[in-house]
Amino acid sequence: MHRRDLLKAALAAPLLIAGRAMAVPQTGTRLLVVFLRGAYDGASLLIPVSSDFYYRSRPTIAIPRPDPANANTAIALDRDWGLHPALRASMLPLWEKGQLAFVPFAGTDDMSRSHFETQDTIEMGQPIQARRDYRSGFLGRLAVQLGAERARVQPIAFTGQVPLSFQGGAPIPNIAIGGVGKPAVDARQAKLISDMYQGGPLGPSVAEGFAVEGEVYQTISTGMNVANRGAVSPKGFELAARRVGALMREQFNLAFLDVGGWDTHVGQGAASGYLSGRLAELGRGLAGFVDELEPAAWDETTVVVVSEFGRTFRENGDKGTDHGHGSVYWVMGGRVRGGRVAGDQGPVTEAGLNQNRDYPVLVDYRALLGGLFQRIYGLDPSRLEAVFPDARPRDLGLV
Amino acid sequence: MDRRAAAGLVAGLTALGAAMAGWAATTAESAGAAEPQAIALVNRVTWGATARDVAEVARLGPDRWLDAQLHPPQVDRLPPAVQAQIDAMPYLAVPMAQLVADANGQNAAINAIVDAPLKAAARQAYNKALEDAVRQAAARAILRDVYSPDQLKEQMTWFWFNHFNVHLSKANLRLMIGDYEDSALRPHALGRFRDLLEATLRHPAMLRYLDNADNAAGHINENYAREIMELHTMGVGSGYSQDDVQALARILTGVGIDPRPNDPQLPLQLRGQLIREGLFAFNPARHDYGDKTFLGRTIRGRGFGEVEEALDILCRQPATATHISRELAVYFVADDPPDSLVQRMSHTFQHSDGDIAQVLGVMFKSPEFRASLGTKFKDPAHFAISAVRLAWGDTPILNTAPVFAWMNRLGEGLYAHETPDGYAMIATAWNGPGQMETRFELARQIGSGGAGLFRADGATGPETPIVADLKTALQSTGLADTLSPAADAALAQATSPKDWNTLLLSSPDFMRR
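Protein chains in written order, with the numbering used here: chain X, 100 to 498; chain C, 1292 to 1804.
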């Protein structure tokens, strides 16, 4: 029997842990949201290679125009846009297969330029003009809407803390995916502990925790492709993303992952240097995720990569960039209609800047995500309204 | 969630409050057993109740005990065996400027090494030294949190670090973090907010972390200016504009770090404006001397005096009083504290010119605070420290490294929050399923002995596990009498002292303060 079949057989029978049955979701549709915390410099990822203004604005940190003879230049994607060369091995193949699209000029209408404020704005997913519920996130509301048929959704946050995005509904399990180990508390103690919490406000959270802990440990200790191929052991984000891939292949279908280190005020580098290293690691991680997921599941998966805002279009006095506005989002998946730069685009000129400082936002994050959810899940307008109140979903034809 | 159980709990607390009619009724004369609400008070105002604190509150009465916590003596009063451990830590004995100078010299020497393996080894030793500096600072903080009788001061030191957060991984902050905590924050932890704010502004850890060391006329970096307004004083959305942020950034130009022994070359007319104090420097050649409009006022360009004026303005904003008061109330009272309480605290803040002890006093003596006792979910630092205090409050541990590691695993490591906003102080940030699992795992580790607390650094061979007697400890604090029926029922099924400890530290009762 194939290893995978063994595992499937084990998982097909509902696992009874801490008195709660864990059902394998009946839908294969999977969604992963990756949050780049710290506001990554989108203009270094998707390079406006046809803009002279870009090269004038960034004397030391611009990525050079595409030059097939030089690997340290932008990779041409179309006439106007190029890809950072750090993503050549990991992301370019997906682009070429049409499974990866970029959406520039994407972001929020939050002009605070504060990391925390704008991260919270995105995670809450509520209109900023109205009074907001600070304990309610868009993924939490999505889980509630999908959970009307509970078997459809098996959510999880692959983070040390439950992120704001996932708050507000039923408790969502979270697991710090970098540091999973063998469960330490034995079954008898787990039962006694669960009993103490039963009926209290933390009862569901504790029961969910015991159930998920067992499942996650089983999958990542026996179900990882990378462990079976004699490759160099991945570390950091790549290891985390691979584990997420294995877990989303086997049981979870609505997930959140975050990665920090993007706040490049000083010395961000260009084709090589600090930011290049961060982008390379991100690309390796996402490629590893696709690898662990395997083709059948990848076909049913959508990944959205977001960040709170973009950075100043001009480089600052420290060879870095400061807090800006419009960002570049990524949409990937086995059936994504990618290989293109999607959504409205403005001119990349001085006159085209927002407040003469940064990219404007032409594609609202709630409209973009709402449009994707509409297609992926077939959500009707009332359910969509519950996930993103007062938003006008826009279908960019990506899925 | 069982609403009836929650309602019952609230009703019980209300009845208890009414029966006690406040703890003022408990006086020094009634020394001996402390009242349940006084025990709950101790459990909130300290890092976690120990028998010694409870005896102290019974001896002094709650009001005098609180007063002593609000006004601790200047000198540390650690048990000699604990103080001796701190005194033996070499990195804590060297002034920060010296540490940085030594490290810079070492760095230059390493860069000059040609032989690659030699260079790698030297680099490794250098990084190890930086790690050791952090570990020793953390060890001191943990020992103080566990063993100092001035518990409120130590909690407030943690609180202010979190409020004025810096992160250890930036540049050479690892050499500065201990000094930042000990000399910028801790002396002002219960003092005037204005002094505290300026102490952080003059510290190189802050200036490096939020990039103001790079902020100069013509090369504006507004990172620090923004966070001062958004996080440190007024709070986001409190009425200031992007123009105010930019004005403050200009005011802060030239405020930075200078590690060089000699003063910078300056034109004659600027020389009198130079300020140097250890690594801190105000360099007039980097300052923007133009006039600024900040929060509706004109600030005449004149050097560091502009910074003092801007800090005065910021500290007297009603928004600052409210923002700080609310944060204190979230930390000490409830995730969503009553506005009435926050308003009274804010009023005291404004009328005492930001006297932190007075603001805390108003809070501690409020009925809202009293009604909240026993209901605040412990953040990971409180969970870890309170467990060690309960288990080993009278027996100095020999190694704090495990405690440091637990807090990291629980997601609230010392000096480890990357972004300037600090850790969240509300339950939902800490009570997710994965986080609860980690607590249970650590409960087992702590409860079973052998966690490494009594194994000095560098010791070899297996540790002889010393199992804490939490049952006796809990009884001697009086907390045993307040356990819920569910916890009592689980503890009755414990099969060994280790098991009892694990279940107690895993119980919902122990998760609250």
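By construction, the Cβ of each residue, glycine as well, lies at the ideal position given by its N, Cα and C atoms. Quick caveat: nothing in here was measured; it's all calculated off a predicted structure.
Measuring CB to CB, does GLY267(X) end up less than 8 angstroms from ASP232(X)? Yes. Within cutoff.
So ALA170(X) is in the beta strand (DSSP E); what residue range does that whole segment cover? Looking at the DSSP string, ALA170(X) is not in any beta strand (DSSP E), and its letter there is neither H nor E.
Helix, strand or coil for MET1387(C) per DSSP? Of the three classes helix, strand and coil, the one that applies to MET1387(C) here is helix, per DSSP.
When Cβ atoms are compared, which residues of the stretch 293-309 of chain X fall closer than 9 angstroms to chain C? Residues passing the 9 angstroms Cβ filter: ASP294, MET295, TYR296, GLN297, GLY298, GLY299, PRO300, LEU301, GLY302, PRO303, SER304, VAL305, ALA306, GLU307, GLY308, PHE309.
Restricting to runs no shorter than 4 residues, where is the alpha helix (DSSP H) found entirely within the stretch 1541-1614 of chain C? Whole alpha helix (DSSP H) segments, 4+ residues: 1559-1562, 1595-1606.
Kindly say whether VAL1527(C), judged by its beta-carbon, lies nearer than 8 angstroms to any beta-carbon of chain X. Yes, contact with chain X.
Anything in the stretch 245-265 of chain X with a Cβ closer than 8 angstroms to a Cβ of chain A? List those residues in chain order, please. Of the protein chains in the structure, X and C, none is chain A.
DSSP three-state call for SER1529(C): helix, strand or coil? In the three-state reduction of the DSSP assignment, SER1529(C) falls in the coil class, being assigned neither a helical nor a strand state.
Within 10 angstroms of its Cβ, does GLN454(X) collect 16 or more other Cβ (buried), or is it exposed? With fewer than 16 Cβ atoms within 10 Å of its Cβ, GLN454(X) is classed as exposed.
Stretch pair the stretch 463-478 of chain X + the stretch 156-168 of chain X: three plus CB contacts closer than 8 angstroms: Short answer: they don't touch.
Nearest-angstrom Cα distance between GLY409(X) and GLY1352(C)? In a straight line, the C-alpha of GLY409(X) is about 56 angstroms away from that of GLY1352(C).
If you drop the 5 nearest sequence neighbours on each side, which residues of the same chain put their C-beta closer than 6 angstroms to that of GLY442(X)? Result list for GLY442(X): VAL202, VAL462, LEU495, in chain order.
Relative to chain X, which residues along the stretch 1728-1752 of chain C have a C-beta separation below 7 angstroms, given in chain order? Residues passing the 7 angstroms Cβ filter: GLU1728, PHE1731, GLU1732, ARG1735.
What residue ranges within the stretch 1622-1667 of chain C form continuous beta strand (DSSP E) runs of no fewer than 3 residues, ordered along the chain? When DSSP assignments are scanned along the stretch 1622-1667 of chain C, no uninterrupted stretch of beta strand (DSSP E) that is 3 or more residues long falls wholly within it.
At a Cβ threshold of 8 angstroms, is VAL148(X) touching chain C? In terms of beta-carbon proximity, VAL148(X) stays away from the interface with chain C, with every pair separated by 8 angstroms or more.
Please classify ARG348(X) as buried or exposed, where buried requires at least 16 other C-beta atoms within 10 Å of its C-beta. Classification of ARG348(X): buried, given that the 10 Å Cβ count is 16 or more.
State buried or exposed for ALA345(X), treating a residue as buried only when at least 16 other CB atoms are found within 10 Å of its CB. Buried, by the Cβ-count rule.
Would you kindly check if the distance between the Cβ of LEU1602(C) and the Cβ of ARG1483(C) is under 8 angstroms? When the beta-carbon positions are compared, ARG1483(C) and LEU1602(C) stay at least 8 angstroms from each other.
DSSP on LEU1409(C), reduced to helix/strand/coil? Per DSSP, reduced to three states, the secondary structure at LEU1409(C) is helical.
Leaving aside the five residues before and after GLY1645(C) along the sequence, list all residues of the same chain whose C-beta is less than 6 angstroms from its C-beta, in chain order. For GLY1645(C), where only same-chain residues beyond five positions count, the Cβ hits under 6 angstroms are ARG1483, PHE1484, ARG1485, CYS1606.
If we define contact as Cβ-Cβ less than 8 angstroms, is GLY359(X) a contact residue for chain C? Yes, contact with chain C.
For the alpha helix (DSSP H) containing ARG1680(C), name the first residue and the last one. Looking at the DSSP string, the run of the alpha helix (DSSP H) that includes ARG1680(C) is 1671-1683.
With which residues is VAL405(X) paired in a DSSP beta bridge? Among the bridge pairs identified by DSSP, VAL405(X) is matched with PHE134(X).
In this structure, does DSSP put VAL358(X) in helix, strand or coil? Correct three-state label for VAL358(X): strand.
Using a Cβ-Cβ cut-off of less than 7 angstroms, give me the residues of the stretch 1336-1350 of chain C that come near chain X, in sequence order. Answer set for the stretch 1336-1350 of chain C: empty.
Partners in chain C for ILE160(X), counting only beta-carbon separations shorter than 7 angstroms: Annotation: ILE160(X) has no Cβ neighbours in chain C at a cutoff of 7 angstroms; minimum Cβ distance is about 15 angstroms.
Between the C-alpha atoms of ASN324(X) and ILE274(X), what's the straight-line distance to the nearest angstrom? Cα-Cα distance, rounded: 20 angstroms.
Cβ of GLN1784(C) within 8 angstroms of any chain X Cβ: Closer than 8 angstroms: yes.
Counting contacts by CB-CB distance shorter than 8 angstroms, is PRO394(X) in contact with chain C? Residue-level contact by beta carbon fails for PRO394(X) and chain C, as no gap is shorter than 8 angstroms.
If the cut is a Cβ gap below 7 angstroms, which residues of chain C does ARG234(X) touch? Ordered by position in chain C, the residues that pass the 7 angstroms Cβ test against ARG234(X) are THR1719.
Determine whether the Cβ of VAL311(X) lies closer than 8 angstroms to any Cβ atom of chain C. In terms of beta-carbon proximity, VAL311(X) lines the interface with chain C, with at least one pair separated by less than 8 angstroms.
For ILE221(X), name the three-state secondary structure that DSSP assigns. DSSP places ILE221(X) in helix when its eight states are reduced to three.
Proximal residues of chain X, C-beta to C-beta of GLN1415(C) below 7 angstroms: For a Cβ distance threshold of 7 angstroms, nothing in chain X lies close to GLN1415(C): the least Cβ distance comes to about 18 angstroms.
VAL404(X) and LEU135(X): beta carbons closer than 8 angstroms? Yes, these two residues count as a Cβ contact at 8 angstroms.
Let me check understanding here. Comparing Cα to Cα, which of LEU1522(C), ALA1508(C), LEU1689(C) lies closest to LEU1543(C)? Out of LEU1522(C), ALA1508(C), LEU1689(C), the CA that lies nearest to the CA of LEU1543(C) is found in ALA1508(C).
Residues of the stretch 1763-1788 of chain C in Cβ contact with chain X at a cutoff of 7 angstroms, in chain order, please. Result list: ALA1777, ALA1778, ALA1781, GLN1784.
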